[in-house]
Each structure stands twice: as structure tokens, then as C-alpha cells.
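Protein chains in written order, with full-length UniProt numbering: chain E, 1 to 341; chain H, 1 to 341. Where a beta carbon is used, it is the ideal one built from N, C-alpha and C, also for glycine.
Protein chains: 2
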Amino acid sequence: MKRLTISDIAERAGVSIGAVSFALNGRPGVSEATRQRILAIAAEMGWRPNAAARGLSESRAHTVGLVLARSADTLGVEPFFMKFIAGVESELALTRTALLLQVVPDHARSIEAVNDWWAERRVDGLIVMDLWARDARLPVLESMGLPAVLVGRPRPGGMPARWSAVWSDDAAAVTEAVDFLVGLGHRRIARVAGLPALEHTQVRTAAFHAAMERHGLSPVAVVDTDYTWAAGARATRELLAAADRPTAITYDNDVMATAGVSVARQLGVGVPQELSIVAGDDSQLCEMVFPTLTALSRDVQAYGVHTARTLVSLLDGGSPGSFQDTTARLVARESTGPNLI
Amino acid sequence: MKRLTISDIAERAGVSIGAVSFALNGRPGVSEATRQRILAIAAEMGWRPNAAARGLSESRAHTVGLVLARSADTLGVEPFFMKFIAGVESELALTRTALLLQVVPDHARSIEAVNDWWAERRVDGLIVMDLWARDARLPVLESMGLPAVLVGRPRPGGMPARWSAVWSDDAAAVTEAVDFLVGLGHRRIARVAGLPALEHTQVRTAAFHAAMERHGLSPVAVVDTDYTWAAGARATRELLAAADRPTAITYDNDVMATAGVSVARQLGVGVPQELSIVAGDDSQLCEMVFPTLTALSRDVQAYGVHTARTLVSLLDGGSPGSFQDTTARLVARESTGPNLI
DNA sequence: TGATCCGGACCGCAAATCTTA
DNA sequence: CTAAGATTTGCGGTCCGGATC
């Protein structure tokens with residue numbers, strides 16, 4: 001099967017390949033009539049520029065990378081990632097940019113993967129998710145000089161030249177949840193946090209403490225976890241077993257909140273009569289359990305769209321920056337109620 | 001930042017670029033001593049071949065594509081896809097093959113996406129998931145001449161030259177589930193199926209009928225759905241409202257089985273005392289609900305590994321074929337019990 | 001003189017051919 | 001004649017310097 005190249009188009013149109021290139025890239029140098037003729041022929045023959053040839057010549061891959069550094073199990077249960085990726089994709093498609101994906105278990109392998117991509121010039125830029133407070137990937141990525149968008153807060157010490165950040169105000173969201181619970185009369189509130197190494201976990205925990213303090217309250221407890229159902233269940237069991245048990249618990253994702261509901265039922269603790277529960281992520285899962293879960297909800301797909309747009313703009317020479325996405329807002333469902341104790 | 005090229009290596013080693021190319025690709029033409037010297041220098045300088053240049057020269061992208069043709073919501077809730085992708089990835093990494101991903105809502109756009117990839121020679125081959133019984137993508141893909149691996153049964157009429165298939169015996173799995181339920185004394189069994197257009201839905205439904213018939217039973221009902229929680233809930237409500245209601249229901253995925261449990265509880269139907277429930281997919285979700293769900297379980301990640309391996313072998317000139325993966329086996333948990341009615 | 005178009009030099013690698021000892 | 005290595009060509013585009021009308 002002979003492949004179609006630019007010279008086939010040139011031949012059919014009776015022009016040089018240079019003219020075809022100009023016509024197709026919308027640059028001056030060919031008359032409008034010729035341009036239209038070339039475009040028509042290319043479309044008719046179904047010709048598309050060879051990505052490798054173009055990439056070689058332009059020194060640009062028209063591809064960006066996304067590395068997910070988590071175990072497949074964790075990724076699978078959290079709908080967040082698929083929604084985010086779908087958003088990223090839909091935006092990238094507009095600029096004919098492809099998405100390269102890697103799923104690896106840890107940061108070391110994540111660095112390896114990105115290093116390979118960049119050394120081989122397979123990607124022009126990177127989307128970095130799941131930022132850690134002290135993230136081993138960042139200095140390495142910076143030294144590689146690879147353009148990137150961080151999904152999360154930019155680092156306080158200033159960012160490398162070709163890095164942007166897209167973030168959401170986690171502190172505000174946590175504050176809203178606390179205010180909501182306090183408004184319902186709760187005073188003994190606990191927090192089941194996510195991975196303590198993650199940047200946004202620390203931000204949320206700090207915001208939790210601040211919000212409680214503002215209400216003149218002190219947290220019953222803040223328990224760190226690894227986001228799994230088992231960890232959520234264990235944390236809940238401990239919290240409910242204590243003498244001064246909480247009347248409300250916030251969880252850093254929906255999976256653990258579900259575990260909380262399950263443990264409460266086993267222990268005969270009524271939700272929401274004796275215990276109110278707030279999930280930190282929203283998904284179909286929150287409406288699948290009984291009672292349905294009050295959750296901090298946001299448009300994750302749009303988050304992906306904005307992230308992709310920010311990266312593409314950066315690669316097109318746009319100026320880097322830090323862009324704030326919408327803040328999650330609380331969606332009240334059945335798992336929260338007034339404090340009756 | 002000057003980029004490292006093969007000629008930098010050649011210069012440092014004091015040989016021609018041809019010699020470097022031969023040395024790095026393990027082909028004859030250089031002495032062993034020179035080869036080692038070149039290899040050492042390349043490794044020391046951290047050189048990696050430019051993917052575009054290599055791709056252009058070899059007419060091979062060292063990249064494969066995977067298109068997910070479903071809504072982001074559906075994908076997010078089903079852990080299957082992320083696990084599968086993680087498996088695919090881990091295998092592709094071994095041969096330095098990259099994975100291009102697309103998430104699109106329907107088959108029409110899926111065809112577009114693949115057509116673009118192939119026309120631009122961005123991919124060497126494709127992984128095709130979620131096969132339909134009459135799949136509009138297949139004839140188009142075949143006419144494009146793109147090598148592919150079908151995840152699912154090969155078509156009865158014979159396969160294109162450079163297509164393979166990796167499949168799992170859905171019929172056997174469904175049969176095991178029916179046998180298990182019948183063994184528990186159930187005689188009124190219903191099936192809540194997935195998307196009727198999907199190949200494996202039809203295979204499973206046929207196997208369900210056959211298994212029931214073998215036991216001298218006739219199904220209470222087979223209800224088609226779209227895999228969503230809402231559809232699972234609606235189907236369950238209808239089944240339980242009927243005069244001759246089933247004592248056991250099998251669902252084509254875990255999300256719908258969860259919906260089934262939820263609806264049963266709302267209607268005051270005890271699980272498993274009055275109703276046994278079997279989930280067609282296994283995931284953490286099955287252990288997150290109460291009661292935990294008996295499910296048809298399999299190693300999805302390994303499925304992804306095998307699929308990737310099959311595609312890579314095909315691209316390397318291996319002979320195409322149809323390869324059977326392991327069959328899902330039933331894992332009994334709390335949602336099934338003896339028929340007490 | 002200027003708009004329009006041609007020819008050809010690259011991009012970085014693989015691989016075939018040519019040269020040298 | 002053979003092994004080791006140098007030279008050259010081609011992959012399919014982009015884009016610059018010139019030539020033409």
C-alpha cells in the first residue's frame with residue numbers, strides 16, 4: 001500500500017511541494033486560488049501530514065504526556081482521573097495534539113517514563129498530577145527543561161520559566177464544608193484525610209484547622225490515610241470507638257466516605273441521625289450508596305479542559321502563569337443532618 | 001539547550017554516524033570493541049534516539065492507540081478500564097512502545113480519531129475494545145488496513161490479515177454463575193444485561209438461556225440496560241414488583257449490582273435472605289457495599305498485558321491469531337445464599 | 001517591484017553502498 | 001576476499017533564498 005505524501009498532492013496540483021506546504025499551513029506565498037485548489041485536492045485524496053516528518057522538521061511532536069503515578073487499583077476506583085483525562089482529550093483534539101499516557105506505581109518510575117519521553121522528543125510538554133508537598137519529580141523535571149502544567153498549587157518559591165499551574169481553591173471548599181456542619185449544630189468534627197504527602201491534603205488539613213478555630217472549636221481528630229476503602233473504614237472505626245466520638249466526619253474522597261457509612265451501619269450508628277458524613281469528591285458513587293452522600297462537587301472534566309488549554313497555550317509561546325479553576329461547592333444530600341446529640 | 005544527536009556521539013567516539021547507528025541497533029558492521037565504546041559513550045551522555053527521526057526512517061511510530069468510545073461518566077465508574085490500561089502500559093513499556101489514548105463519546109468520533117492517527121502515521125496498531133455485535137468501526141478499520149487487536153471474540157466470518165483477538169470465555173463464566181445459583185436452590189433467576197449492542201452482552205445472554213434450559217428452567221426475565229446505576233435500579237424495581245418475582249438476579253457489572261442491593265433494601269427485600277445477587281464484574285466496589293457482592297472475578301490487568309503483548313507481536317511480524325484469556329471465576333461473598341422461598 | 005512559485009537545504013536517524021586495509 | 005568503518009541516500013515534511021512573470 002503506497003503511502004500518500006505531500007509530493008503526490010503537489011504532482012496532482014501541478015505545483016511544487018513547497019507550495020503545498022505553504023497552502024496547507026495557511027502562510028503567504030501562494031495565491032488564494034492555488035491555495036483552494038491544493039486544499040481541495042488534499043481533502044479529496046484524504047492526505048494528512050506524516051507526524052514523524054513534521055515533528056522532525058518542526059522539532060515539535062504535537063503530543064503531550066500525562067503520567068499517573070498510582071497503583072491501578074486506586075486509579076480504577078476513583079472516577080476523578082477518567083473524567084479529567086476525558087476533559088484533557090477533548091481540548092487537545094481541537095489543536096490536533098495527541099495524548100501519551102503512562103500508568104506507573106511510583107514517582108521513581110514516573111521520572112523514568114518522562115525522561116524517556118523527553119529524551120526521545122516524543123512529547124512537547126507534560127501534565128503533572130497528584131503533586132506532593134515535597135515532590136521529587138519537580139526538581140528533576142525542571143532540570144530537564146521540559147514545559148509543564150502542574151495540576152495544583154504552584155510552588156511558593158517561584159516556578160520555572162516554562163511551567164504553568166492550574167489549581168482549585170481546596171481551602172475554600174473545606175471551609176465551606178466545616179461552615180455547613182457547624183451551621184447544622186455540629187461541634188465535634190473529625191477529618192479523614194488523604195495521602196499526607198500530597199500537597200492538597202496538607203492544604204485541606206490546614207484549612208480544616210483554621211476553619212474550626214474560627215468557630216472556636218478544636219478538631220476531634222485528623223487521620224491520614226491512603227485513600228482506600230480499607231483505610232477509610234479503619235479510621236472511622238477508631239473515631240467512633242473513642243469516648244468523645246465525633247458527630248460529623250469529612251472524608252477526602254468518596255470511596256472512604258462510603259466506607260464510613262458502611263462502618264457506621266455495622267456499629268449501629270445512624271447516618272445522619274447520630275453521624276453526619278461529607279465526601280470530599282463527588283461522583284456517581286455518592287448517589288449509589290444509602291444514604292446518598294453530601295459531597296464537595298466540581299466539574300472535573302472542565303478542570304481537565306482548562307489544564308490542557310493552559311499547556312497548549314504555553315507550548316504555543318503563551319506566557320506561563322497560575323490559573324485558578326472553579327472552587328468545589330457543597331452538594332447537600334442525605335448523609336448530613338442537624339446535630340441531635 | 002542544544003539537543004544531543006547521533007552525530008555528537010559519533011564525534012565523541014571518533015567514528016561515523018553510521019557506525020553509531022549500527023552499534024546501537026546491534027547489527028554487524030562494527031567491531032565488538034568499538035560497539036562497546038560507542039554504547040558506553042551514548043549511555044554516559046544520556047543519548048536516546050529522536051522518535052520522530054527514527055519513526056520517519058523506519059516508517060514505524062513505535063506507538064499504539066487505544067480509543068475508548070464511551071461517555072466519561074460511564075468510564076469513570078467502571079474500574080475495568082483503568083486496570084486494563086495499566087496492564088497494557090506495563091507490557092508496552094518493555095518494548096519501548098508508547099500508548100496514545102482517546103476518550104470519545106461514540107463510534108463515529110472513534111473512527112475519526114483512528115483515521116487521523118493512521119493517516120498521520122502516529123500509530124502502528126490499535127487496540128479495539130467494547131466490540132459491538134455489528135460494529136461499524138470494524139469494516140472501516142479493515143479498509144484502512146491498520147493492524148489491530150480486538151478485545152473480544154473474533155468475528156465468525158474470518159479476520160483481516162493483520163488482526164488478532166484476545167478474548168475470555170464469557171459464556172463459561174455466566175454458566176458458572178447460573179450453576180452456582182441453581183445449586184443454592186434458586187429456580188426463578190433473572191438477568192440484568194449490559195448494552196444489548198455489545199458482542200459479549202449477546203454471548204452472555206445466550207449462555208444464560210442455555211444454562212437455564214440445561215437445568216430445565218426458564219429465565220424470569222432478561223433486561224437490557226446501559227450499564228448505569230440508574231438503569232440497574234430501574235430494572236431491579238421492575239423485576240421485584242412482578243407477581244412472580246425472582247429469587248436471584250445476575251447483573252452484567254458491579255455498578256448495577258450495587259443498584260440492585262440498594263433497591264432491594266428500599267423495598268424491604270432481604271439480601272441474601274429473599275434475593276441473591278451476583279455481579280458480573282469484580283472490583284473494590286463489590287467489597288464496599290453491604291452485603292458484599294458475590295461476583296465473577298478475573299485479573300483484568302493481566303488481560304491488558306496479554307492484549308498488548310498480542311499487538312506487539314503482531315507488529316513485529318508475528319502471526320495473527322485468536323488467543324483465549326483466563327475465564328472469570330465466581331467469588332462467593334455475602335450477597336448470595338440458599339433459596340429459602 | 002512585488003506577488004507567486006520553484007528548488008533545495010535542512011531535521012536526525014536507519015540502512016544500503018562504497019572505501020580502505 | 002573480508003571485516004571495519006565512512007559515505008550517501010531516503011524517510012516526508014518545513015521553510016528559506018531565489019527566480020519568474
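Residue of the options minimising C-alpha distance to residue i
i: Asp179/E; options: Pro147/E, Pro154/E, Leu24/E and Arg214/E; result: Arg214/E
i: Arg122/H; options: Gly65/H, Asp169/H and His186/H; result: Gly65/H
i: Thr74/H; options: Thr228/H, Thr5/H and Asp116/H; result: Thr228/H
i: Ala93/E; options: Val104/E, His62/E and Pro105/E; result: His62/E
i: Glu78/E; options: Gly280/E, Arg265/E and Asp325/E; result: Gly280/E
i: Arg162/H; options: Ala197/H, Pro196/H and Leu126/H; result: Leu126/H
i: Asp325/E; options: Ala190/E, Val166/E, Leu296/E and Thr292/E; result: Val166/E
i: Ala23/E; options: Leu4/E, Pro49/E and Arg3/E; result: Pro49/E
i: Thr34/E; options: Gly260/E, Ala19/E, Gly194/E and Met212/E; result: Ala19/E
i: His186/E; options: Ala248/E, Thr294/E and Trp47/E; result: Ala248/E
i: Ala328/H; options: Arg204/H, Ala86/H and Arg234/H; result: Arg204/H
i: Ser57/E; options: Gln266/E, Glu199/E and Ser21/E; result: Ser21/E
i: residue 345/E; options: Ala98/E, Ile85/E and Leu146/E; result: Outside the displayed range of chain E (1 to 341) lies residue 345/E, so it cannot be described from this structure.
i: Ala69/H; options: Gln36/H, Glu89/H, Leu296/H and Val104/H; result: Val104/H
i: Asn25/H; options: Ile6/H, Ala148/H and Leu293/H; result: Ile6/H
First through last residue of the alpha helix (DSSP H) which encompasses residue i
i: Ile38/H; result: Glu32 to Met45
i: Arg234/H; result: Trp229 to Ala241
i: Gln266/H; result: Asp254 to Gln266
i: Thr175/H; result: Asp170 to Gly183
i: Val269/H; result: From DSSP, Val269/H is part of no alpha helix (DSSP H); its letter is neither H nor E.
i: Met288/H; result: Gln284 to Met288
i: Thr5/E; result: No alpha helix (DSSP H) contains Thr5/E, which DSSP labels as neither H nor E.
i: Val20/E; result: Ile17 to Leu24
i: Arg54/H; result: Ala51 to Glu58
i: Glu142/E; result: Arg137 to Met144
Neighbour-count burial assignment, residue i, 16 or more Cβ in a 10 Å radius
i: Pro28/H; result: exposed
i: Ile341/E; result: exposed
i: Ser31/H; result: exposed
i: Asp316/E; result: exposed
i: Met256/E; result: buried
i: Thr310/H; result: buried
i: Asp244/E; result: exposed
i: Asn253/E; result: buried
i: Ala264/H; result: buried
i: Asp106/E; result: exposed
i: Met212/H; result: buried
i: Gln273/H; result: exposed
i: Thr95/E; result: exposed
i: Glu199/E; result: buried
i: Met288/H; result: buried
i: Met82/H; result: buried
i: Ala42/E; result: buried
Where the beta strand (DSSP E) containing residue i begins and where it ends
i: Ile277/H; result: Ser276 to Ala279
i: Phe323/E; result: Ser322 to Gln324
i: Val64/E; result: Thr63 to Ala69
i: Ile249/E; result: Ala248 to Tyr251
One or two residues paired with residue i in a DSSP bridge
i: Ser164/H; result: Val149/H
i: Trp132/H; result: Leu198/H
i: Leu329/E; result: Looking at the sequence provided, one finds Arg at residue 329/E rather than Leu. Note: Arg329/E sits in a beta bridge opposite Ser297/E.
i: Gly125/E; result: Val64/E
i: Ala98/E; result: Thr63/E
i: Ala190/E; result: Ala221/E and Ile249/E
i: Val104/E; result: Ala69/E
* Asked: Just by C-beta distance, which residues in the segment 275-300 of chain H are closer than 9 Å to chain E?
  -> Those residues of the segment 275-300 of chain H that come within reach of chain E (Cβ to Cβ, closer than 9 Å) are Ser283, Gln284, Leu285, Glu287, Met288, Val289, Phe290 and Val300.
* What residues in the UniProt domain "HTH lacI-type" (4-58) of chain E have a beta carbon less than 7 Å from any beta carbon of chain H? -> The UniProt domain "HTH lacI-type" (4-58) of chain E vs chain H, Cβ under 7 Å: Gly46, Arg48, Pro49, Asn50, Ala51, Ala52, Ala53, Gly55 and Leu56.
* Asked: Relative to chain E, which residues along the segment 315-339 of chain H have a C-beta separation below 9 Å, given in chain order?
  -> Per Cβ criterion, the list is empty.
* Mind listing which residues of the segment 169-180 of chain H have their C-beta closer than 8 Å to chain E's C-betas, in chain order? -> Within the segment 169-180 of chain H, contact with chain E at the beta-carbon level (separation under 8 Å) is assigned to no residue.
* Asked: Between the segment 125-152 of chain H and chain E, which residues of the former have CB atoms less than 7 Å from a CB of the latter, in chain order?
  -> If you check each beta-carbon in the segment 125-152 of chain H against every beta-carbon of chain E, the ones closer than 7 Å belong to Gly145.
* To do: Would you list, in chain order, the members of the segment 259-273 of chain E that have their beta-carbon closer than 8 Å to a beta-carbon of chain H?
  => Within the segment 259-273 of chain E, the residues whose Cβ lies closer than 8 Å to some Cβ of chain H are Ala259, Ser262, Arg265 and Gln266, listed in chain order.
* To do: Could you name the residues of the segment 181-192 of chain H whose beta carbon sits closer than 9 Å to any beta carbon of chain E, in the order they occur along the chain?
  => Within the segment 181-192 of chain H, no residue has a Cβ that lies closer than 9 Å to any Cβ of chain E.
* Taking a cut of 7 Å between CB atoms, which residues from the segment 219-235 of chain H lie near chain E? -> Listed by position along the chain: Trp229.
* Asked: If you measure beta-carbon to beta-carbon, which residues of the segment 192-206 of chain E are closer than 8 Å to chain H?
  -> From the segment 192-206 of chain E, no residue has a Cβ closer than 8 Å to chain H.
* Between the segment 90-114 of chain E and chain H, which residues of the former have a C-beta closer than 7 Å to a C-beta of the latter? -> For the segment 90-114 of chain E, residues whose beta-carbon sits nearer than 7 Å to a beta-carbon of chain H comprise Ala98, Leu99, Leu100, Leu101, Gln102 and Val103.
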